[in-house]
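Residue numbers (this note's numbering): 85 to 342. Below is one structure, written out as C-alpha cells; comments come after it.
See the structure below:
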C-alpha cells in the first residue's frame, strides 16, 4: 500500500475481515486506536494517550514511572486476565541453534570460550558510544579472558563493526544482515554476555536469557532498561537526564562514560 492512507486502508481491511473479538492497542498513537475502531473490533484495550480514549472500550492509564513491561501487563490486568509472571522468554528453533554452533565451530570456538555480543548501533546518535571506547573494552576482554566477539544487527550496521575491526583487529564474527530476528535469538543464547547500547537487540538478549551490560545516556533505564535479574546498566545521570534523545544535539551523557 502506498502512503499513510493506503496503509490504513490495507490494515483496516485485514483486521475487518478477521472479525476479531478484541484488540490490544499497545502502540500509543491516535491512528492505531482509530484503526481498530474503524474495523469495528468490539473490545479495544489500550493506553489512554494522544487523546484517543474515546476510541477505546477499556482505557488503561499509561505510567511514565514504571517499566514498559509493567505498562503492557497492565493492559491484561485491565480486562481481568491474571498475570502470573513478568518473565520474558525468547526461544530459538533447533535448526538455528545448529547453524550458529556450526559457525562457531568453523572458527574453532568452543564451549569454554567467553563469547561476547558487541552492539554499538542505536536508532539515534544520542544513544551511541564512541567506537574507540568499544575497542578499548574489547582489547581488555581479549587480554584478560581471550574473549571472542559477535556482531549482530541490520545490514546497515555492518559498517560500525568493520570500523571496529580496523581499530583491532578482533576477529569478530559479523552477522549483520545475514541473520533474521529469530536466528538472532539462537546467536544470543549461544553467547555468554551482551555489551552494548540501549537498543532492540539489548532487550532481545535479556529476554533470551543472557546477562546484559548496557550503556544508557538520554533514556531512563528504570523504564527502558534490560528486564530481569542479573543485568548491569552504566549511566552518568546528568542534570538533564532523562531527555528526548531525538531532540538532543549533544550526547554528553554517553561521552562521559569512559
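Yeah, the Cβ is synthetic: ideal placement off N, Cα and C, and Gly gets one too. None of these values were measured; they are calculated from a predicted model.
Residue i (DSSP reduced to helix, strand or coil)
{"i": "residue 182", "result": "helix"}
{"i": "residue 129", "result": "strand"}
{"i": "residue 95", "result": "helix"}
{"i": "residue 116", "result": "helix"}
{"i": "residue 258", "result": "strand"}
{"i": "residue 299", "result": "strand"}
{"i": "residue 135", "result": "coil"}
{"i": "residue 111", "result": "coil"}
{"i": "residue 232", "result": "strand"}
{"i": "residue 142", "result": "strand"}
{"i": "residue 323", "result": "coil"}
{"i": "residue 163", "result": "coil"}
{"i": "residue 106", "result": "strand"}
{"i": "residue 212", "result": "coil"}
{"i": "residue 340", "result": "coil"}
{"i": "residue 194", "result": "coil"}
{"i": "residue 240", "result": "helix"}
{"i": "residue 328", "result": "coil"}
{"i": "residue 123", "result": "coil"}
{"i": "residue 308", "result": "helix"}
{"i": "residue 44", "result": "The structure shown does not extend to residue 44, since the chain is modelled only from 85 through 342, so no value can be given for it."}
{"i": "residue 285", "result": "helix"}
{"i": "residue 268", "result": "helix"}
Cα-Cα separation, residue i to residue j
{"i": "residue 169", "j": "residue 149", "result": "20 Å"}
{"i": "residue 172", "j": "residue 342", "result": "31 Å"}
{"i": "residue 266", "j": "residue 156", "result": "22 Å"}
{"i": "residue 175", "j": "residue 181", "result": "10 Å"}
{"i": "residue 183", "j": "residue 309", "result": "30 Å"}
{"i": "residue 334", "j": "residue 213", "result": "12 Å"}
{"i": "residue 135", "j": "residue 337", "result": "33 Å"}
{"i": "residue 101", "j": "residue 187", "result": "44 Å"}
{"i": "residue 290", "j": "residue 312", "result": "7 Å"}
{"i": "residue 125", "j": "residue 165", "result": "19 Å"}
{"i": "residue 294", "j": "residue 287", "result": "10 Å"}
{"i": "residue 93", "j": "residue 114", "result": "15 Å"}
{"i": "residue 292", "j": "residue 177", "result": "12 Å"}
{"i": "residue 273", "j": "residue 185", "result": "11 Å"}
{"i": "residue 239", "j": "residue 128", "result": "37 Å"}
{"i": "residue 253", "j": "residue 190", "result": "19 Å"}
Residue from the options with nearest C-alpha to residue i
{"i": "residue 259", "options": "252, 253, 268", "result": "268"}
{"i": "residue 340", "options": "330, 319, 333, 329", "result": "319"}
{"i": "residue 97", "options": "219, 121, 109", "result": "121"}
{"i": "residue 211", "options": "325, 293, 171, 288", "result": "325"}
{"i": "residue 284", "options": "144, 143, 205", "result": "205"}
{"i": "residue 192", "options": "232, 266, 293", "result": "232"}
{"i": "residue 234", "options": "134, 270, 214, 227", "result": "270"}
{"i": "residue 297", "options": "306, 307, 314, 308", "result": "314"}
{"i": "residue 130", "options": "110, 123, 124", "result": "110"}
{"i": "residue 112", "options": "288, 162, 143, 331", "result": "143"}
{"i": "residue 261", "options": "243, 222, 108", "result": "243"}
{"i": "residue 91", "options": "108, 116, 107, 101", "result": "116"}
{"i": "residue 53", "options": "107, 188, 209", "result": "With the chain running from 85 to 342 in the structure shown, residue 53 is simply not present."}
{"i": "residue 103", "options": "137, 123, 139, 189", "result": "123"}
{"i": "residue 328", "options": "208, 140, 119", "result": "208"}
{"i": "residue 163", "options": "141, 147, 133, 256", "result": "141"}
{"i": "residue 146", "options": "225, 153, 132, 139", "result": "132"}
{"i": "residue 322", "options": "330, 301, 158", "result": "301"}
In DSSP terms, what residue i is bridged to
{"i": "residue 348", "result": "Nothing in the structure corresponds to residue 348, since the chain is present only between 85 and 342."}
{"i": "residue 352", "result": "Coverage of the chain is limited to positions 85 through 342, which leaves residue 352 absent and any answer about it impossible."}
{"i": "residue 317", "result": "298"}
Contact test: residue i Cβ vs the ligand FMN heavy atom, cutoff 7 Å
{"i": "residue 319", "result": "With respect to small molecules bound, the structure shown includes none, and the ligand FMN cannot be examined in it."}
Checklist entry - Quick check: the region 263-283 against the region 198-213, are there 3 or more CB pairs under 8 Å? => result Between the region 263-283 and the region 198-213 there are three or more C-beta pairs closer than 8 Å, enough to call the two in contact.
Checklist entry - Does the region 245-261 come close enough to the region 303-313 that 3 or more CB-CB pairs lie under 8 Å? => result In the pairwise beta carbon analysis, the region 303-313 is classified as not touching the region 245-261: fewer than three pairs are separated by under 8 Å.
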